[in-house]
Every structure is written in structure tokens, then in C-alpha cells.
Amino acid sequence: MSVLKRNILFLLVSQGATWLVTIFLLILGPRKLGSDGFGRAQFALAFVGFFNLIGSLGTYQYIVKHIARDPAELGRLVISALRLKMVMGVVLAALALGTGWLLGYDGEVLTLIAIGLVGMMLSLLNEMVLAGLAGLELIAGSAVWQTVQVYVGSILAIVVLLTTKSLYAYLACFSLALAVPLVANFLTLRPHLRHVARRSPVTWRVLIVGGIPMFALAALSLLYSTIDIPIVEAVSGDEVVGWYTLAYRWVLMPIFINTIVATAFLPQMSALAATAPERFCALTNRAIKMVMAITIPGAVGILLISSDLIDLLYGPAYEQSVVLMQLLAPFVPLVALNTVLGTALVASDRHHRYIWVAAAAAVFNPPIAFLAIRLANDRYDGNGAIGAAIVTVLTEIFITVCAMKMRRRGVFDRGTTWFCARCLLAAGAMAAAVFLLRDGGLFVKVGVGAVVYGLASLAVGNVSVAAVKGSLDSVRRAGAGEQLTDVSGPAETAEPMGKS
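For the sequence shown, the residue numbers in my numbering are 2 to 501.
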């Protein structure tokens with residue numbers, strides 16, 4: 002099994018292993034904390050997220066790209082980055098608390114922010130260790146430890162929800178659990194650091210300057226994608242934030258594939274971009290097919306079962322989340338496509354124009370979102386999040402159009418276009434089957450929909466029986482501990498996903 006396939010497999014298994022506990026917690030949390038408490042917790046995390054972004058500095062992608070192209074750079078890049086992030090974590094934590102105090106946040110919110118900042122500092126350090134591992138394409142082990150982290154944090158949080166229901170303890174569970182992958186991943190990377198030839202460490206200035214373009218892109222993206230949460234909180238209140246964040250959490254479920262693909266494909270994309278452009282395009286098209294095969298039916302499924310899902314799991318208290326999920330459904334395949342196209346632009350050092358697109362979105366999104374939220378708040382009985390959801394989708398459409406114009410020739414070719422069209426056909430068959438079962442239960446609809454989509458994908462040629470058997474055989478060999486083949490990574494030939 003190739004390195005790329007092994008990494009994707011472990012990332013998929015990790016995601017699947019965490020889904021059960023994550024979904025259970027997503028059901029239990031809003032029930033036990035209430036929409037108001039759940040909204041306050043999510044608001045505090047969103048606030049910390051802005052400072053976490055500043056601390057990231059865009060250095061993850063910078064380090065991954067340079068190590069993928071020259072593994073000898075591992076030691077000097079990672080060690081210098083860890084030192085930088087230690088200092089930045091402390092400075093940003095103080096700045097975040099000071100900002101919260103100046104904005105007049107009450108003691109409870111400031112405490113929640115402080116707890117989130119502990120997790121931020123651990124996350125910044127772990128991100129640099131992960132960058133070193135990703136540059137070497139040693140992603141499988143880190144995926145396992147991410148699973149352990151999720152289970153540790155989630156199980157502790159469930160205990161809190163079933164006993165004290167303390168918001169402080171609830172957030173602390175997730176923050177402290179981040180220490181698990183940090184320690185484990187560093188121990189994995191440490192032997193590779195020892196075997197790297199000693200070189201002078203990279204100066205912080207090199208890391209900061211090198212990461213500025215990615216930092217700018219990430220900062221602008223975070224701004225236009227999350228600024229609506231504090232606006233909704235200011236206009237409509239904590240309860241509506243709870244409805245909106247709950248809808249967002251469920252809508253983001255199919256988008257797990259984005260992170261997997263971006264993480265697994267970035268090292269090889271970076272190595273191939275300058276030396277083998279045709280293989281780079283083939284690899285990018287393969288990534289697009291993977292994300293669209295999952296997110297297109299995911300979006301259709303959200304449209305079809307959101308009402309049943311919310312009614313079964315949360316009851317009348319969260320019925321307003323249904324329309325928000327349905328409005329956000331088109332966001333799923335759009336953001337998936339943008340993730341792959343953006344990763345390809347970053348890997349090929351062609352992301353500078355893309356930054357201007359994100360800047361335009363960051364400039365126009367907040368005022369438009371504010372107006373839309375105010376209008377929706379007045380028109381739809383205080384549910385200003387309806388306006389936020391609409392503007393979110395419109396913004397993603399704008400980003401998609403621009404990213405398609407900037408893509409390299411050969412990316413999203415005719416074969417990829419037809420593949421996506423066949424995904425829509427298969428999803429249409431799934432929708433028809435679920436509609437016929439409109440009076441059935443949620444689990445019946447989900448099961449039948451998944452089976453019909455799989456069979457329809459076989460019928461239209463997006464997957465084949467041979468490909469399915471090959472994938473299952475790869476899983477079996479990986480479970481048996483088969484040695485990797487094609488360990489050079491970048492030398493792997495990109496295989497098309499299904500018929501092109």
C-alpha cells in the first residue's frame with residue numbers, strides 16, 4: 002500500500018472512530034447545557050479561535066511544503082517553530098483576556114475564554130509537531146493519537162454533563178485532552194530530529210515572513226466564515242447562537258473529508274507542483290473526486306433529513322435549527338471544492354492572488370451579514386441566523402467562482418466535471434428513494450439513502466466492483482501490518498477515482 006493511501010485510510014478510520022462519541026456529545030451537550038449555555042460555550046470558543054489563528058501564523062503549510070521538498074530541513078524548522086509558538090501562546094493568551102475585559106465580557110465568559118486559551122497554547126505546539134510529521138508523510142500515527150484525544154476529551158465531557166453540568170469543567174475537558182497528542186506526536190518525531198544533520202536554527206523572522214501569506218489567507222477566511230457568530234449574538238442573543246452553531250456542527254459532518262484530503266495530499270502536491278505538473282494536476286483531480294463523492298450526497302442528505310434529525314434528537318427547543326441546516330446544505334460541496342483548489346494553489350506557490358479573493362470576501366461579508374441578520378431577525382421572529390446562513394452560502398459561491406478561474410490548466414478537467422455530474426445523478430436517485438420513504442423513520446431513511454447512493458454510483462460508473470474489492474483488500478493488508486510500497490511518496494502516480 003502506498004504512503005498516500007495508508008495516510009488516507011488511517012485518517013478515515015480515525016474520523017469514523019470518533020464519530021460515535023462526537024455525535025453522542027453533540028446530542029447530549031445542548032440538552033444538558035441548554036441553548037443559552039451551549040451558545041455561551043460556543044461563543045467563547047469562537048473568540049479564542051481568532052487568537053489561535055494569529056498564533057498559527059501560517060507556519061504549518063510553510064513547514065510542510067519545505068520538508069516535503071527537502072527533508073533535511075526538518076530539525077531546524079520544527080525546533081525553531083516550537084520555540085516561537087511557546088512565546089506567542091503566552092503573549093496571545095494575555096492579549097485575549099485583556100481584549101475580553103475591555104469589551105466588557107462578564108466573569109463567566111472570561112473564565113470560559115481562559116480555559117479555551119489553555120487548549121490554544123497546547124494546540125499551537127502540537128500543530129508544529131504535526132507539520133514535521135506531515136512533511137515526512139508520517140500521518141497515520143498522528144491520526145491515531147487524534148482519535149485518542151477526542152475520546153479522552155469527550156468521555157470526560159460526558160461525565161461532566163451527566164454530573165455537575167459545569168460549563169467550566171466541560172470546556173476544560175477538551176482543552177486538557179490536547180496534551181495527549183502533543184506528547185505522543187513529539188515522541189514519534191523525536192528520533193527523526195536526532196538523525197537530521199545539525200544546522201543553524203531557522204530564525205523566527207524566516208518562519209514569520211514565510212508564513213505571512215498563509216496566515217493572511219487563513220485570517221481572512223476565518224473572518225468571513227465566523228464573524229457572523231458574534232453578530233448573531235449581538236442582534237439575536239445566545240439562544241439563536243445555539244441554534245446556529247448546532248446547525249453548523251451537523252452541516253460540517255460531511256466536511257470531514259476536506260481535512261483528510263488536505264492533510265494527506267499537501268505533501269505530495271508540494272513536491273510535484275514544480276517538477277511534474279501533469280501528475281500534480283492528476284493528483285489534484287483525484288482529490289476533488291474524493292471530496293465531491295462524499296459531500297454532494299451529504300448536502301442532499303442534510304436537506305432531506307434535517308427535520309427528522311432535530312425532532313428526534315433535540316425536540317422543539319431546537320426546531321429553528323432545521324431551516325438553518327437546510328439553508329447551509331449547499332455550503333458543504335462548495336467548501337469541499339474550495340478546500341482542494343486552495344490546497345493546490347498553496348502547494349504550487351500560486352496562492353497570492355487567492356488571498357485577494359479572501360480579502361474581498363472579508364471586506365464585503367461582515368456588512369452584508371449584519372444587514373441580512375438584522376432583516377432576518379425582524380422578519381423571522383428573532384431568528385437572525387437565517388440571514389447569516391444565506392450570506393455564508395453566497396460568500397462560498399463567490400470564493401468558488403474565483404478559485405475555479407485561478408486553477409492551473411488541467412485541474413478540474415472534463416473527466417472531473419463528468420464525475421461530479423454523475424455524483425449529482427446518484428444523489429438524485431438517493432433523494433427520490435428517501436422521498437418515497439418520507440413517512441419512515443430517520444434511521445430507515447439514512448440506511449436506504451446510503452445503499453441507493455452506493456448502487457447508483459456503481460450504475461453510473463463512479464466506482465466499480467473491482468475498485469471496491471481493491472480498497473477492501475488494502476484495508477485488510479494494512480490491518481495485517483503489510484509493509485508500505487512506494488515509500489518515496491511524491492513518486493506515486495495519481496490514480497483517478499472511478500471512471501473519468
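Where a beta carbon is used, it is the ideal one built from N, C-alpha and C, also for glycine.
Count the other CB atoms, across all protein chains shown, that sit within 10 Å of the CB of residue i; report buried if there are 16 or more and exposed otherwise.
i	result
M405	exposed
V464	buried
F48	buried
G40	buried
L103	exposed
K66	buried
K436	Per the sequence presented here, residue 436 reads as Phe, with Lys not at that position. Exposed: under 16 other Cβ atoms inside 10 Å.
P298	buried
P268	buried
V92	exposed
K290	buried
V402	exposed
H352	buried
P317	exposed
G99	exposed
K446	buried
A97	buried
K166	exposed
T276	exposed
F25	exposed
Does DSSP put residue i in a helix, a strand or coil?
i	result
E320	coil
S124	helix
S502	Missing from the structure shown is residue 502; the chain here goes from 2 to 501 and no further.
A141	helix
G108	helix
T19	helix
R415	helix
P182	helix
R351	coil
R206	helix
K1	Within the shown structure, residues of the chain are numbered from 2 to 501, placing residue 1 beyond reach of any answer.
Y225	helix
T164	coil
A330	coil
R32	helix
R84	helix
Y63	helix
Y315	coil
D71	coil
R409	coil
Y152	helix
Ignore the nearest five residues each way along the sequence and tell me which others in residue i's own chain have a CB closer than 6 Å to its CB.
i	result
S489	Residue placement at S489 is poorly supported in this model, since its pLDDT is 37, which falls under 50; the coordinates still yield a value, given next. Contacts found: none.
Y63	G211, G212
V347	Q62
L342	A404, R408
Q43	T246
L183	L123, L126, N127
A132	Y61, I64, V65
T189	G142
A359	L218, L221, S222
W205	L85
Which same chain residues end up closer than 7 Å to residue i when comparing Cβ atoms and leaving out the 5 residues on each side of it in sequence?
i	result
M431	P298, V301, G450, V453, Y454, A457
H193	L75, L137
F257	Q16
P334	M293, T296, I297, A300
T227	A47, G50
L376	G388
T148	S15, A18, T19
T23	V151, S155
Take residue i and list the residues in its own chain whose beta-carbon comes closer than 8 Å to its own, dropping the five residues that flank it on each side.
i	result
L223	G50, F51, L54
L443	I306, D309, L310, L313
Could you check whether the Cβ of residue i sits closer than 8 Å to any Cβ belonging to chain D?
i	result
K166	In summary, chain D is missing from the structure at hand, where a single protein chain is found.
Open item on the list: Threshold first: 4 residues or longer. Then list the alpha helix (DSSP H) segments lying entirely within the segment 231-301, N to C.
Closed with: As far as the segment 231-301 is concerned, its whole alpha helix (DSSP H) runs of at least 4 residues are 239-252, 257-273.
TODO: Identify every run of the beta strand (DSSP E) within the segment 363-401, keeping only runs that are complete inside it and at least 3 residues long; order them along the chain.
DONE: None, since the segment 363-401 contains no complete beta strand (DSSP E) of that length.
TODO: May I have a chain-ordered list of the alpha helix (DSSP H) segments no shorter than 4 residues that lie completely inside the segment 420-474?
DONE: Taking only runs of at least 4 residues, the alpha helix (DSSP H) segments lying wholly in the segment 420-474 are 443-461.
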